[in-house]
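Visitor: Can you keep this structure in mind? I'll have questions shortly.
Protein chains: 2
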Amino acid sequence: MRIGELGQATGVDVETVRYYEKAGLLPPSGRQANGYRSYGPVQLERLSFIRHCRALDMTLADIKRLLNFVARPKANCGDIDHLIDDQISRVRARLKSMRALEKQLTKLRARCRAGRVAAECGILHDLVAAAHGEACACHGGRSKNKSRGE
Amino acid sequence: MRIGELGQATGVDVETVRYYEKAGLLPPSGRQANGYRSYGPVQLERLSFIRHCRALDMTLADIKRLLNFVARPKANCGDIDHLIDDQISRVRARLKSMRALEKQLTKLRARCRAGRVAAECGILHDLVAAAHGEACACHGGRSKNKSRGE
DNA sequence: AAAAACCCTGTAGTCGCTCCGGGGTCAAGC
DNA sequence: GCTTGACCCCGGAGCGACTACAGGGTTTTT
Chain C
279 MRIGELGQAT GVDVETVRYY EKAGLLPPSG RQANGYRSYG PVQLERLSFI
329 RHCRALDMTL ADIKRLLNFV ARPKANCGDI DHLIDDQISR VRARLKSMRA
379 LEKQLTKLRA RCRAGRVAAE CGILHDLVAA AHGEACACHG GRSKNKSRGE
Chain A
279 MRIGELGQAT GVDVETVRYY EKAGLLPPSG RQANGYRSYG PVQLERLSFI
329 RHCRALDMTL ADIKRLLNFV ARPKANCGDI DHLIDDQISR VRARLKSMRA
379 LEKQLTKLRA RCRAGRVAAE CGILHDLVAA AHGEACACHG GRSKNKSRGE
C-alpha cells in the first residue's frame with residue numbers, strides 16, 4: 279500500500295500522513311525499492327485511530343499517549359479516563375465561551391438599522407462605544423474577560 | 279502614555295501591542311526622546327476597539343477592515359453587516375461541531391468500566407474499534423466528516 | 001513517447017500571539 | 001555614586017497542526 283492509498287483509505291491527506299511520521303505519531307514506514315513508502319494493515323489501523331482521535335479534537339500529544347496505552351495493555355486505565363475527562367472539560371469551557379460569543383454577535387447584528395453609510399451603522403457605533411468603555415448591545419457593561427481562549 | 283500604561287488601560291499585553299503595530303493594526307506610535315513609544319487617547323480607543331473585536335473572535339484581517347470603515351464614515355454599511363454575518367455563521371458552524379464533539383466525548387467517557395488495565399478499558403476499546411471502521415459508542419457509524427475546523 | 005498522476009525531500013508560510021536574549025533607560029534606596 | 005529593579009527597545013524563534021511549494025524522480029495512462 280502506497281501513501282496515496284493509505285490516505286484515501288483513512289481520509290487523511292497525504293501531506294498530513296508524512297507530517298504525522300515526522301511528528302512521531304506514525305513510525306517510519308518501510309520503503310519499496312524506488313523509495314516510496316509502503317504500508318500494511320497495521321499502519322492503516324494506527325492512522326485510522328489517529329484520525330478518529332483528531333475528530334475528537336485531541337492534541338497530537340494526547341494521541342501519542344493513547345497510542346502508548348494501546349501498545350502497553352497492562353498500563354493503568356485511570357490515566358486514560360483522566361485524559362478524556364480533561365478533553366471534555368476543555369471542550370465544555372470552549373463551548374461555553376462560544377455560546378456567549380454567539381449571543382454577543384447576534385445582538386450586535388440586530389443593531390443594524392440598514393443605514394446606508396458606515397457613519398450611521400449601529401454595529402460600528404456599538405463597537406466604537408465599546409471601545410469607549412460604554413455599554414453596548416453586545417456587551418452589557420465594561421468587560422474585562424479573558425474567557426475566549428480558555 | 280507609555281506602552282505599559284496603554285496595555286494596562288486596555289487589558290492588552292505589551293508584546294501584543296507591539297505585535298499589532300507590526301501587523302499594521304495600530305499605526306506606528308510617536309516616540310519620546312529616549313525612543314519609548316508614546317500614545318494618546320486616540321490610540322487607546324483604537325486599541326480598545328481592536329481588543330473588543332478580538333473578544334468577538336474576529337480575525338485581525340476583519341478588524342483591519344472594520345477600522346477602515348471607522349476611518350471612512352461614508353462607506354457602505356452593508357459590507358459591515360456582511361462581515362458580521364460571516365462571523366456569526368463561522369461561530370455557529372464551530373458551535374455545532376463542538377456540540378457534537380461534546381456528545382461524542384461524553385459517550386466515550388461513559389464506556390469506562392473502571393477496568394484496572396488498559397486492555398480492559400472501554401474507552402480504548404472503542405477508539406480501536408473506530409479505527410477498524412466498526413460502530414463505536416461515540417460515533418454511530420463510519421464517519422467521513424471534515425466538519426471540525428471549518 | 002509524451003503527458004498525467006503519483007511519489008520524494010526540505011523548507012517556508014499560516015494565525016495570533018508568546019517568549020527569549022541582549023541590550024538601553026529611569027526612579028528609588030543605601 | 002552605585003546598585004537594584006522595573007520598565008522599555010529590537011529582532012528572531014517557537015507554538016500547533018497543518019498546508020503549500022519548489023524541484024526533483026517514478027509510474028501509469030494515453
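For the record, the sequence lines run as chains C and A. Residues in the first sequence are numbered from 279 upward in steps of one, following my numbering. Residues in the second sequence are numbered from 279 upward in steps of one, following my numbering. Every residue gets a Cβ at the ideal spot worked out from N, C-alpha and C, and that includes glycine. Being a predicted model, the structure only gives us computed values, none of them experimental.
1) Alpha carbons only, please: which of Met279(C), Ser375(C), Val406(C) is nearest the one belonging to glutamate 323(C)?
2) With DSSP as the reference, label arginine 280(C) as helix, strand or coil.
3) Please list, in chain order, all residues of the same chain as alanine 396(A) whose beta carbon is under 8 angstroms from its beta carbon, the five residues on each side excluded.
4) Using a Cβ-Cβ cutoff of 8 angstroms, what residues of the region 338-355 of chain A are near chain C? List them in chain order.
5) State the Cα-Cα distance for the pair proline 306(A) and glutamine 321(A), rounded to the nearest angstrom.
6) Could you tell me the alpha carbon to alpha carbon distance between valine 290(A) and glycine 289(C), rounded to whole angstroms?
7) Can you tell me whether arginine 343(A) sits near the ligand MG, meaning its C-beta is under 6 angstroms from at least one heavy atom of the ligand?
8) Residues of the region 376-387 of chain C in Cβ contact with chain A at a cutoff of 8 angstroms, in chain order, please.
9) Please check if any C-beta of chain C sits within less than 7 angstroms of the C-beta of alanine 371(A).
10) Thinking C-beta only, is isoleucine 328(A) closer than 7 angstroms to leucine 344(A)?
11) How many Å lie between alanine 408(A) and isoleucine 366(C) at the Cα?
12) When you check each C-beta in the region 309-334 of chain A against every C-beta of chain C, which residues fall closer than 9 angstroms?
13) With serine 375(C) as the anchor, note down where its alpha helix (DSSP H) starts and where it stops.
14) Exposed or buried, arginine 309(A), counting other C-beta atoms within 10 Å across all chains shown (16 or more means buried)?
15) Is it right to say histidine 360(A) is buried, meaning 16 or more other beta carbons lie within 10 angstroms of its own, or is it exposed?
16) Can you confirm whether leucine 303(C), when its beta carbon is compared against all beta carbons of chain A, has any partner nearer than 7 angstroms?
17) Using beta carbons (cut-off 7 angstroms, strictly below), is aspartate 359(C) in contact with chain A?
18) What are the start and end residues of the alpha helix (DSSP H) that includes serine 326(C)?
19) Give me whichever residues DSSP pairs with glycine 400(C) in a beta bridge.
20) Could you check whether cysteine 331(A) and cysteine 399(C) sit closer than 7 angstroms to each other, using their CB atoms as the reference points?
21) For leucine 284(A) and leucine 325(A), which I take to be in contact (beta-carbon distance under 8 angstroms), what is that distance rounded to the nearest angstrom?
22) When we look at the beta-carbon of tyrosine 317(C) and count the other beta-carbons within 10 Å, is it buried (16 or more) or exposed?
23) Can you list, in chain order, the residues of its chain whose CB lies under 8 angstroms from that of arginine 387(A), leaving out five sequence neighbours each side?
24) With DSSP as the reference, label arginine 296(C) as helix, strand or coil.
25) Look at the alpha carbon of tyrosine 298(A) and the alpha carbon of alanine 349(A), and state the distance between them as a whole number of angstroms.
26) Pull up the distance between the alpha-carbon of isoleucine 281(C) and that of glycine 313(C), whole angstroms please.
27) Would aspartate 335(C) and leucine 405(A) be called neighbours here (beta carbons separated by less than 7 angstroms)?
Guide: From the atom records:
1) Met279(C)
2) coil
3) Leu402
4) Leu344, Phe347, Val348, Arg350, Pro351, Lys352, Ala353, Asn354, Cys355
5) 10 angstroms
6) 40 angstroms
7) Ligands in the displayed structure: none, and consequently the ligand MG is not present.
8) Met376, Arg377, Leu379, Glu380, Gln382, Leu383, Thr384, Leu386, Arg387
9) no
10) no
11) 19 angstroms
12) Leu322, Glu323, Arg324, Leu325, Ser326, Phe327, Ile328, Arg329, His330, Cys331, Arg332, Ala333, Leu334
13) 356-388
14) exposed
15) exposed
16) no
17) yes
18) 319-333
19) BP columns for glycine 400(C) are empty, so no partner.
20) no
21) 7 angstroms
22) buried
23) Ile401
24) helix
25) 18 angstroms
26) 12 angstroms
27) no
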